[in-house]
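From first to last, the protein sequence lines are chains F and C. With our numbering as the guide, the letters of the first sequence map in order to residues 4 to 320. With our numbering as the guide, the letters of the second sequence map in order to residues 113 to 398. Just so you know, even glycine gets a beta-carbon here, dropped at the ideal spot from N, CA and C. The structure appears right after this line, and notes come after that.
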Amino acid sequence: MSIYTYETKKDTRSGFGAGMEYLSLTNPKVVALCADLIGSLKLEPFIKNCPERFFQTGIAEANMIGIAAGLSIGGYIPFATTFANFGTGRVYDQIRQSVAYSGKNVKIACSHAGLTLGEDGATHQILEDIGLMKMLPGMVVINPCDYNQTKAATIAVANYTGPVYLRFGRPVVPVFTPEDQEFIIGKAIKLIEGSDVSIFATGHLVWESILAADMLKEKGIHAEVINIHTIKPLDTQAILESVGKTRCFVSAEEHQINGGLGDSIAQFLATTMPLPQEFVGVNDSFGESGKPADLMDKYGLNAVSIAEKALKAISRK
Amino acid sequence: MQTQELISIASQVRRDILRMVHGCQSGHPGGSLGCTDLLVGLYFEAMNLKLNSSNDQVVFNMSGLGEDVFFLSNGHISPVLYSVLARKGYFPVKELSTFRKINSRLQGHPTPHEHLEGIRIASGSLGQGLSVAIGVAQAKKLNNDSSVVYCLMGDGEQNEGQVWEAAMYAPHHKVDNLIAFIDVNGQQIDGPTEKIMNNRDLQMKYEAFGWKVLHVDGNDMAELQKCLKDAKNLLGNETPIMVLMKSEMGAGVDFMMGSHKWHGVAPNDLQLEEALNQLSETLGDY
């Protein structure tokens with residue numbers, strides 16, 4: 004049995020909503036913008052508590068990013084919110100010029116990232132957003148794993164000065180990290196100590212990685228599981244320490260392999276400690292409609308697949 | 113300030129623009145010359161700018177709190193903005209000679225990335241400045257700051273969809289501390305705007321979105337001064353102000369006017385000399 008258990012399942016976007024509710028009461032500089040998706044982003048408590056600090060932009064994401072940049076010039080901490088596809092890919096140039104290149108303190112906070120928004124299909128399931136955002140100089144990229152961590156991350160990024168992309172999702176997933184945890188941007192969290200293989204996971208695949216470690220344990224294999232909630236800046240020290248011991252690793256993410264977390268780790272280790280790596284992620288394909296769990300199974304984003312890739316990585320040592 | 117005094121500053125700014133683009137053999141003189149009178153009118157008269165109490169010099173704060181702020185959305189006319197900022201005292205005038213050269217703070221298009229005093233946002237990729245200006249205007253309202261936000265766009269820039277997202281947003285949110293301008297020079301890179309992408313009736317369009325629309329001849333300093341006063345008097349009525357500013361590309365240099373040829377072309381040595389002969393050196397060249 005795993006050392007991790009959970010009592011409830013909640014959506015990470017509700018963690019964001021709870022973080023924003025906290026900020027509505029504690030940080031008068033935080034403002035929120037939304038492009039006609041208040042309910043999906045769980046912003047109702049924020050709006051109820053401070054309606055004057057909420058800006059409805061309508062279905063106009065490009066304008067939303069510009070308004071957010073302007074509000075940040077005036078000393079506010081804007082959270083620009085929508086679905087991950089519309090908040091990154093659709094407005095890449097606006098983020099590039101008005102936020103990243105201009106060095107603005109804007110938080111792009113997006114729900115419905117990855118495959119797990121389900122039935123709406125590929126038009127809404129962005130799997131390239133981590134790559135798009137991490138390529139921008141100076142952009143911090145965060146993908147928390149559960150409700151509690153998303154709430155903590157939301158509060159943490161408000162206290163950080165600089166552009167941030169905060170990515171979370173739609174489905175309910177196990178809540179297994181501590182309530183009211185401290186979230187340190189760029190600091191990976193070791194969840195399970197192991198010696199045979201490292202599993203570096205982000206977002207929804209952190210829980211699947213814990214399940215994979217349980218499966219591997221039954222085969223006598225000790226997997227180390229590390230939650231890389233911050234893809235950029237990458238906690239290179241934690242990665243080096245882990246693979247220095249295990250000598251092989253798997254990266255796991257609900258994102259394209261190309262441009263994701265695994266690609267960042269590979270890029271770092273190629274020049275420091277090249278070791279066998281296997282990737283769990285979507286392999287150069289769009290998503291499709293379906294139930295979230297079915298989609299994750301079809302595209303191999305689950306515990307079974309992580310465990311298989313771990314065995315493969317070990318065999319290549 | 114006397115109209116003649118502003119005209120005299122504008123002459124020097126035009127010399128700066130021509131010498132800057134000549135110095136690096138690149139950049140956009142046409143639109144810069146066309147908008148010179150507006151930027152001089154704004155920075156040297158209309159705008160309330162923060163001054164250092166000990167020496168009356170302008171001081172730059174990124175937030176722009178408690179002072180009027182200006183955003184250039186059509187960033188390619190950076191030469192006129194750089195010259196006006198330098199002549200106003202935001203950075204040394206001699207720095208204008210570094211325009212578009214390596215290791216310069218005066219990038220081809222304006223950016224705060226190199227910490228150039230007076231620049232608050234990057235522009236160049238078109239259509240983004242009005243949104244930013246609206247955001248700053250809303251921040252001013254949250255801060256109970258009664259100062260004014262100005263924004264300049266091009267008429268070719270009206271092709272961009274984001275402009276119309278912003279046009280819809282500002283009246284809806286009653287952003288009435290904003291005065292925007294469109295430089296209606298009728299030209300864009302591929303030719304006359306009428307032929308490339310016809311803006312048709314910009315007054316009707318903006319009025320339909322809920323803006324108060326004014327008109328001005330952007331190369332008549334006295335008329336500009338009056339228009340800027342009129343626009344300010346209309347603020348605070350739950351409506352943003354749009355000024356359709358008719359201008360002549362290349363204004364001030366006879367052979368650069370009346371065509372879009374000088375949109376993004378630098379003069380050669382002879383052309384520079386001929387152009388400078390038409391503009392008196394009033395504040396001293398850099």
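Candidates L314(F), D132(F) and S267(F), of which the one nearest T3(F) by Cα: Residue numbering for chain F in the displayed model covers 4 to 320; residue 3(F) lies beyond these limits and cannot be assessed.
P224(C): contacting residues in chain F (beta-carbon distance under 8 Å): Residue mapping note: residue 224(C) aligns to position 112 of the second sequence, counting from 1. By Cβ distance, chain F contributes S105 and G106.
task: Mind checking which residues open and close the beta strand (DSSP E) that includes M357(C)?
output: The count along the second sequence starts at 1 and reaches residue 357(C) at position 245. Element bounds for M357(C): I353 to K358.
message: Suppose you measure from the CA of D180(C) to the CA of N230(F); what does that come to, to the nearest Å?
response: Here residue 180(C) corresponds to residue number 68 of the second sequence, with the count starting at 1. Here residue 230(F) corresponds to residue number 227 of the first sequence, with the count starting at 1. About 47 Å.
query: Quick one: Cα of N349(C) to Cα of G153(C), how far?
result: The residue given as residue 349(C) occupies position 237 in the second sequence. The residue given as residue 153(C) occupies position 41 in the second sequence. Each residue's alpha carbon lies about 24 Å from the other.
task: State yes or no: is the beta carbon of Q240(C) nearer than 7 Å to at least one beta carbon in chain F?
output: Position 128 of the second sequence, counted from the first residue, corresponds to residue 240(C). Between Q240(C) and chain F, the shortest Cβ-Cβ separation is below 7 Å.
query: For the region 46 to 63 of chain F, which residues have a CB atom closer than 8 Å to at least one CB atom of chain C, in sequence order?
result: Within the region 46 to 63 of chain F, the qualifying residues are E55, R56, F58, T60, G61 and A63.
- prompt: At a Cβ threshold of 7 Å, is S166(C) touching chain F?
  reply: Numbered from its first residue, the second sequence carries residue 166(C) at position 54. Not closer than 7 Å to any Cβ of chain F, the Cβ of S166(C) fails to qualify, so no.
- request: Report, in whole angstroms, the separation of the C-beta atoms of D295(C) and M357(C), which I expect to be a contact under 8 Å.
  value: In the second sequence, residue 295(C) corresponds to position 183, counting from 1. In the second sequence, residue 357(C) corresponds to position 245, counting from 1. The Cβ separation is near 6 Å, so the contact holds.
field: Nearest to G268(C) (by Cα), restricted to the options A251(C), M309(C), L228(C) and K253(C)
entry: One-based indexing of the second sequence puts residue 268(C) at position 156. Closest by alpha carbon: M309(C).
message: Please return the same chain residues whose Cβ sits closer than 7 Å to the Cβ of L219(F), not counting the five positions on each side in sequence.
response: Start at 1 with the first residue of the first sequence, and residue 219(F) comes out as number 216. A226, A310 and A313, listed in sequence order.
- prompt: If you draw a straight line from the C-alpha of N162(F) to the C-alpha of G241(C), how long is it?
  reply: Counting from one through the first sequence, the residue named residue 162(F) turns up at place 159. Counting from one through the second sequence, the residue named residue 241(C) turns up at place 129. Between N162(F) and G241(C), the C-alpha separation is close to 27 Å.
message: Please classify K45(F) as buried or exposed, where buried requires at least 16 other C-beta atoms within 10 Å of its C-beta.
response: Start at 1 with the first residue of the first sequence, and residue 45(F) comes out as number 42. Counting every other CB atom within 10 Å of its CB across the protein chains shown gives K45(F) a total of 16 or more, marking it as buried.
field: Residue environment, I6(F), which counts as buried when at least 16 other CB atoms sit within 10 Å
entry: In the first sequence, counting from the first residue as 1, residue 6(F) sits at position 3. With fewer than 16 Cβ atoms within 10 Å of its Cβ, I6(F) is classed as exposed.
message: Following a CB-centred definition, is V325(C) positioned closer than 6 Å to any heavy atom of the ligand SAH?
response: The model depicted lacks the ligand SAH and carries no ligand whatsoever.
task: For G78(F), return the contacting residues in chain C, with the cut-off set at a CB-CB distance below 8 Å.
output: What you label residue 78(F) is simply residue 75 of the first sequence in a count that begins at 1. The contact set of G78(F) on chain C, defined by CB atoms closer than 8 Å, consists of S175, L177, A251 and N255 in chain order.
- request: With a 10 Å radius around its C-beta and 16 neighbouring C-beta atoms as the bar for buried, classify Q116(C) as buried or exposed.
  value: Taking the first residue of the second sequence as 1, we reach residue 116(C) at position 4. With fewer than 16 other Cβ atoms inside 10 Å of its own Cβ, Q116(C) counts as exposed.
field: Residue(s) in a DSSP beta bridge with T15(F)
entry: Taking the first sequence and counting its residues from 1, one reaches residue 15(F) at position 12. Paired residues: none, contrary to the question.
message: With a threshold of 7 Å on Cβ separation, who are the neighbours of A21(F) within its own chain once the five nearest residues in sequence on each side are excluded?
response: Position 18 of the first sequence, counted from the start, is the residue given in the question as residue 21(F). The residues K154, in chain order, have a CB closer than 7 Å to that of A21(F) in the same chain once the five nearest residues on each side in sequence are set aside.
- prompt: When the cut-off is 7 Å and only beta carbons count, does S95(C) lie next to chain F?
  reply: Only positions 113 to 398 of chain C appear in the structure, and residue 95(C) is not among them; the question remains open.
query: Of all the residues that make up the region 27 to 48 of chain F, which are near chain C by a beta-carbon distance shorter than 8 Å?
result: From the region 27 to 48 of chain F, only V34 have a Cβ closer than 8 Å to chain C.
M265(C), DSSP secondary structure in three states: Taking the second sequence and counting its residues from 1, one reaches residue 265(C) at position 153. DSSP places M265(C) in strand when its eight states are reduced to three.
Below-7 Å beta-carbon distance, I233(C) vs any chain F residue: In the second sequence, counting from the first residue as 1, residue 233(C) sits at position 121. Taking 7 Å as the threshold, the shortest C-beta distance from I233(C) to chain F falls below it.
- prompt: What do you get for K213(C), buried or exposed, if any count of 16 or more other CB atoms within 10 angstroms of its CB means buried?
  reply: For the purposes of this step, residue 213(C) is taken as residue 101 along the second sequence, with counting starting at 1. Under this definition K213(C) is an exposed residue.
query: Which first and last residues belong to the alpha helix (DSSP H) in which L184(C) is found?
result: As a working mapping, residue 184(C) is identified with position 72 in the second sequence. Not the alpha helix (DSSP H): L184(C) falls in the beta strand (DSSP E), residues V181 to L184.
- prompt: Who are the Cβ neighbours of C53(F) in its own chain at under 7 Å, not counting the five residues just before and after it?
  reply: Numbered from 1 along the first sequence, position 50 holds the residue referred to as residue 53(F). Excluding residues within five positions, the ones whose Cβ falls inside 7 Å are S27.
message: Taking the beta carbon of V307(F) as the centre, do at least 16 other beta carbons fall within 10 Å, making it buried, or is it exposed?
response: Within the first sequence, residue 307(F) is the residue found at index 304, counting from 1. Exposed, since its Cβ has fewer than 16 Cβ neighbours within 10 Å.
field: Any alpha helix (DSSP H) of 4 or more consecutive residues that is wholly inside the region 24 to 76 of chain F
entry: Within the region 24 to 76 of chain F, the complete alpha helix (DSSP H) segments of 4 residues or longer fall at 41 to 44, 47 to 52 and 64 to 76, listed in chain order.
message: With distance defined between alpha-carbon atoms, name the residue in R217(C), G176(C), L177(C) and Q300(C) nearest to Y194(C).
response: Reading the second sequence from its first residue, position 82 is the one you call residue 194(C). Selected option, being the one with the closest Cα: R217(C).
- prompt: So with Cβ pairs under 7 Å, would you call G2(F) a contact of chain C?
  reply: The shown model of chain F, from 4 to 320, leaves out residue 2(F), and the question about it has no answer.
field: For N151(F), three-class secondary structure by DSSP
entry: The sequence position of residue 151(F) within the first sequence is 148, counting from 1. Correct three-state label for N151(F): helix.
- request: Give me the Cα-Cα distance between Q315(C) and T157(F), rounded to the nearest whole angstrom.
  value: As a working mapping, residue 315(C) is identified with position 203 in the second sequence. As a working mapping, residue 157(F) is identified with position 154 in the first sequence. Distance from the CA atom of Q315(C) to the CA atom of T157(F), rounded to whole angstroms, is 43 Å.
task: Mind the definition here: the region 117 to 133 of chain F touches the region 280 to 294 of chain F only if three or more C-beta pairs lie below 8 Å; say whether that holds.
output: Short answer: they touch.
message: Let's test the definition: count the other Cβ atoms within 10 Å of the Cβ of N215(C) and tell me whether it reaches 16, buried, or not, exposed.
response: What you label residue 215(C) is simply residue 103 of the second sequence in a count that begins at 1. Looking at its Cβ environment, which holds fewer than 16 other Cβ atoms inside 10 Å, N215(C) is exposed.
message: So, with DSSP's three-state summary, where would you put P279(F)?
response: Indexing the first sequence from 1 puts residue 279(F) at position 276. The answer is coil: DSSP assigns P279(F) none of H, G, I, E or B.
query: With 16 as the cutoff for other CB atoms within 10 Å, does I301(C) come out buried or exposed?
result: To locate residue 301(C), count along the second sequence from 1; it is residue 189. Under this definition I301(C) is an exposed residue.
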